[in-house]
Amino acid sequence: PCLPIRLLVGLHYIKHAYNESDESLVAEFLENPYWQYFCGYEYFQHELSLDAI
Numbered sequence: 001p002c003l004p005i006r007l008l009v010g011l012h013y014i015k016h017a018y019n020e021s022d023e024s025l026v027a028e029f030l031e032n033p034y035w036q037y038f039c040g041y042e043y044f045q046h047e048l049s050l051d052a053i
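According to UniProt numbering, the sequence shown holds residues 1 to 53 in order.
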């Protein structure tokens, strides 16, 4: 896959743990540095990269 497994598994876990929709998950992910770190990012991302899609 083109995305890291840690990111995919982390987002899947967060989505179900917090009962988030896809849209709200992406919005909250961009605002929450703890979720980003949990999913393997080393630096805070302010916007979604189109390369990741």
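Here a beta-carbon is modelled for each residue, glycine too, at the ideal position from N, C-alpha and C.
Beta carbon of residue i nearer than 8 Å to that of residue j
i, j, result
"Leu30", "Gln45", "yes"
"Trp35", "Ile14", "yes"
Cβ neighbours of residue i in the same chain (closer than 6 Å, five flanking residues each side left out)
i, result
"Ser21", "none"
"His16", "none"
"Leu7", "Cys39, Gly40"
Close Cβ partners of residue i (< 7 Å) along its chain, the five nearest in sequence each way excluded
i, result
"Pro33", "Phe44"
Contacting residues, own chain, Cβ-Cβ under 8 Å from residue i (five flanking each side not counted)
i, result
"Gly10", "Trp35, Phe38, Cys39, Gly40"
"Ser49", "none"
Unbroken stretches of the alpha helix (DSSP H), 4 residues or longer, contained in the UniProt domain "Transposase InsH N-terminal" (3-43): 5-17, 22-31, 33-38
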